[in-house]
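First the structure, in the form of structure tokens, and then the observations on it.
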Amino acid sequence: MKPLRPQYKSHILSTSFVDQNPIGFAQFFGDELLLSYANSNFNIFLGLQNDEIEINAKSIFENDQFHEIYTMITKAYDCNDVSKEVKVVNVKHGDREKCNFLEFVVSSVINQENNCVESVSVVVMEIIQQNYYENRLMNMLTNFDYIVSNSLTSTIVLTGIDPIIEVANQKMIDFLGRGNAISGNRFFDVLPELETENVIQLYHRVFEEKKEQEEKEFKVDYFYNNVLYTKFLHLLLRPKLNNNGEVSAIIVSSIDITDSIETREKLKKSENLLKAFLDHVPVSINVLEGESFRYRLSNKLSNKIWGHDIKIDSIVEDTVSYIKDRPIYKELQLVYKTGVQIEKRGHQFSDRNGDTKYINYILQPIKDEEDKVEYILTLGYDVTNEIEYKNKLEANEKRFKILADFMPQFVWTSDEDGVVTYFNKNWYDAFGLGVDTDPDKSFWSLMHPNFLDKVRNSWMDAVHQNSTYEVEYQLVNPITNISKWYLARGKRVCNDNDETELWIGTCTDIDDFKQLQKQKDDFIGIASHELKTPLTSLKLYAQSVEINLRKQGDEKNAEVVKKMETQINKLNKLISDLLDVTKIQSGRMVLQDSIFLMEDLVAEIVEEQQMSTKTHTIILTKESAGYIRGDKDRIGQVLSNLINNAVKYSPNAKEVEVNLELIDGSAKVSIKDNGFGIPQNKIHQVFDQYFRVGSEYEQGINGLGLGLFICAEIINKSNGQIYVKSELHKGSTFCFELPILK
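Okay, structure coming up:
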């Protein structure tokens with residue numbers, strides 16, 4: 001405690017000037033701040049008795065209206081401070097109470113010897129009421145300016161029903177962009193673009209209802225530096241009421257939330273885009289949060305794939321009550337604990353209807369910044385159809401293999417590229433192969449070298465052209481080293497899009513048939529040759545008899561002999577065809593090459609055929625096609641055969657058209673009739689040996705079905721091609737092409 005200095009006290013008490021001064025004065029000493037002196041005006045101003053000496057400052061200023069003064073005194077004593085405060089004080093003077101407007105000045109008194117505060121002086125002056133309010137207003141404005149200027153919001157004070165700008169803080173001035181000198185101006189003159197119905201209604205509503213109005217997302221369009229901007233504001237309009245309860249001013253506070261709105265809209269668009277994307281991806285997508293696995297995101301397909309109604313914010317146990325008993329729940333827990341992804345294929349489960357479903361899924365952890373699992377992303381793909389199809393396919397494959405193993409032929413399959421993938425058990429047994437032998441390699445290794453290129457090319461053509469495969473070849477048994485003949489047939493299996501999925505076929509042992517065919521061909525060759533000589537003699541004899549009968553004038557019998565001669569010619573033609581076939585089969589048909597003009601040969605053959613037919617007119621259209629190298633007689637044989645067929649198979653028609661033209665370096669000959677035509681399903685067989693259409697139209701038409709086979713062999717050996725176009729009931733056009741000499 002600081003010691004009380006009586007000598008200073010005596011000095012102050014003896015100062016009559018202070019005592020007679022119109023101001024109030026008092027001094028408080030020591031740590032207890034005891035009142036050591038107070039003049040009469042001090043006592044009057046504060047309503048004290050003149051003899052109240054050595055009471056402490058706290059007891060004098062403990063009244064609420066003096067509390068700030070006491071704080072100023074303690075601060076001055078402790079901190080060497082000077083402060084000033086204006087107060088309105090209600091003081092009793094006798095029986096009445098008076099309102100004094102006082103200004104207090106509190107200052108520290110320093111001891112010059114030790115430079116320490118030893119007392120506090122309090123000066124009280126009476127001021128007039130106007131000065132008081134001016135001081136208070138100045139303080140309030142200072143406080144207001146400080147608060148408003150440093151506010152985070154843009155603030156403006158408007159007065160009147162037609163708003164006049166009273167004051168605006170710097171943030172509002174900067175926002176408006178109309179300069180600093182806006183006070184006193186009509187608000188809508190400063191910002192005419194804001195004089196819109198919604199702005200006026202909002203402002204008037206505050207005036208009429210005398211209540212604050214808040215607009216959390218208020219859109220305004222205004223010019224800033226001659227550029228029109230659209231802004232979104234969070235507005236708060238607060239009315240200031242006067243003593244009569246009328247609105248004297250409106251304080252408008254605003255926060256520019258345009259960036260937030262734009263960010264929100266962008267986020268909304270992103271969310272919509274993400275949602276649209278998730279709803280259109282062909283997989284189930286879910287995001288599960290926390291250890292309880294709460295749904296935070298789920299696309300539409302999830303309900304369909306998992307067969308349950310998924311609700312956002314629900315947990316998986318609420319969606320699937322029995323899930324805790326399922327392995328997938330334990331996998332979710334494992335992913336959450338370890339942070340390691342789990343992937344599973346062909347997961348089997350029952351949906352809410354009890355239907356069995358299969359799904360491939362991935363459980364992927366999503367970690368936070370601390371590397372802890374926060375979410376689990378689940379991706380699921382419904383493979384029910386694929387699994388069921390696979391199961392059916394495996395069952396069908398099993399049945400197919402059982403059936404194939406009971407068949408006497410070799411049964412085979414290949415993939416879409418022509419690689420053999422399967423042979424039945426008979427294949428491995430017949431050639432002494434192990435069941436693990438590669439089927440494709442074993443097939444080509446057993447192929448006789450003479451057939452290898454032919455079969456490979458034929459097979460690849462069928463694969464690339466998607467055509468039916470049929471070919472004969474010899475396979476060599478690795479045990480006996482004996483070659484045997486086989487007939488292979490194959491057909492492609494397609495999906496709904498006509499895409500090849502696999503090939504399936506058979507390989508039949510035709511070795512015995514080939515031996516019998518060889519014996520038959522040998523017999524036919526021998527028989528045909530042996531018949532040729534007596535038939536020639538018979539023809540000469542018939543011609544001689546016909547001549548003699550005509551000399552004798554016996555025309556009737558001569559015609560009979562002529563008909564016999566015609567039948568001998570037909571028989572001779574059949575025998576010639578049989579001989580040609582045996583030559584073809586034995587490889588003994590040799591073509592005698594020569595160079596000749598194609599148009600001359602065609603004209604010659606047409607003329608011969610026209611002389612031998614009385615029922616049809618053969619119409620020839622030709623152009624210069626150039627020279628051909630080939631067997632002129634054999635090519636003439638082909639043309640004769642085709643014209644003869646056109647006449648035979650169009651008995652109700654009157655014309656046969658023959659056309660010769662030059663196309664892409666080849667001489668093309670076409671023979672067109674208007675006859676029976678050939679069914680589309682049999683066109684590919686017309687050049688086969690012994691083939692006949694077998695329809696009712698062939699009744700009464702003789703032939704062995706060898707002519708077109710011989711024609712095809714001759715044209716193919718001449719490096720040409722032969723083909724037919726036909727439509728049932730409308731006729732056929734047979735064509736062959738031969739390369740010309742350049």
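Under UniProt numbering, think of the first position of the sequence shown as 1, with each following residue one higher.
Just so it is clear, CB atoms sit at the ideal spot from N, CA and C, and this is done for glycine as well.
- In the three-state reduction of the DSSP assignment, Pro534 falls in the helix class, which pools H, G and I.
- Per DSSP, the unbroken alpha helix (DSSP H) holding Pro327 starts and ends at Pro327 to Thr338.
- As for any beta strand (DSSP E) of minimum length 3 sitting wholly inside the UniProt domain "PAS" (396-466), the runs are 410-415 and 420-423, ordered along the chain.
- Burial of Val602 is indicated by the presence of at least 16 other C-beta atoms within 10 angstroms of its C-beta.
- For the pair Phe223 and Glu209, the Cα-to-Cα distance works out to about 31 Å.
- In this structure Gly380 touches Tyr361 by the C-beta definition: roughly 4 Å separates them, less than 8 Å.
- Contact between Ile255 and Leu233 holds: their C-beta atoms lie close to 7 Å from each other, under 8 Å.
- Distance from the CA of Phe513 to the CA of Leu538, rounded to the nearest whole angstrom, comes to 36 Å.
- With a 10 Å radius around the Cβ and a threshold of 16 neighbouring Cβ atoms, Tyr389 comes out exposed.
- Per the DSSP secondary-structure output, Arg492 pairs in a beta bridge with Trp503.
- The three-state secondary structure of Ala625, taken from DSSP, is coil.
- Proximity to Val476 across Asn56, Glu470 and Ala430 peaks at Ala430, based on C-alpha coordinates.
- Membership of Asn716 in the alpha helix (DSSP H) is indicated by the continuous run Gly707 to Lys717.
- Between the alpha carbons of Thr613 and Ala558 lies a gap of roughly 21 Å.
- Taking one beta carbon from each stretch, the region 408-416 and the region 499-518 have 3 or more pairs nearer than 8 Å; the two touch.
- Arg399 and Lys454 have their C-alpha atoms roughly 34 Å apart.
- With a cutoff of 9 Å on beta-carbon distance, Ile359 and Ile305 are scored as near each other.
- Judged by DSSP secondary structure, Arg294 falls within the beta strand (DSSP E) whose first and last residues are Arg294 to Ser298.
- Per the Cβ contact rule, the region 625-639 is in contact with the region 591-598 (3 or more Cβ pairs under 8 Å).
- By the 16-neighbour rule on beta-carbons within 10 angstroms, Met611 is exposed.
- In the three-state DSSP reduction, Glu62 falls in the coil class, being neither helix nor strand.
- At a Cβ-Cβ threshold of 9 Å, Leu228 and Glu265 do not count as neighbours.
- Closest option to Leu176, judged by alpha-carbon separation, among Thr155, Thr159, Asp279 and Ile73: Thr155.
- A straight-line Cα-Cα distance of about 13 Å links Gln680 and Thr733.
- Using a C-beta cut-off of 8 Å, the region 312-327 makes no contact with the region 270-279, since fewer than three inter-stretch Cβ pairs fall below that distance.
- Inter-residue distance for Phe61 and Gly47 is about 11 Å (C-alpha atoms, whole angstroms).
- The Cβ-Cβ distance between Ser640 and Glu599 does not fall below 9 Å.
- Taking 9 Å as the cut-off, the beta carbon of Val124 is found closer than this to the beta carbon of Gly24.
- DSSP places Leu228 inside the beta strand (DSSP E), whose first and last residues are Val227 to Leu241.
- Comparing alpha-carbon positions, the option among Thr356, Ile342 and Tyr70 lying closest to Gln348 turns out to be Thr356.
- Judged by pairs of C-beta atoms under 8 Å, the region 77-87 does not touch the region 156-168, as fewer than three such pairs exist.
- Straight across, the Cα-Cα distance linking Thr621 with Phe709 is about 26 Å.
- A direct Cα-Cα distance of roughly 21 Å separates Val287 from Arg352.
- DSSP places Ala603 in the helix class (H, G or I) of the three-state scheme.
- Contact between Glu291 and Tyr329 fails: their C-beta atoms lie close to 12 Å from each other, not under 8 Å.
- Within the model, the alpha-carbon separation for Pro22 versus Ser40 is close to 9 Å.
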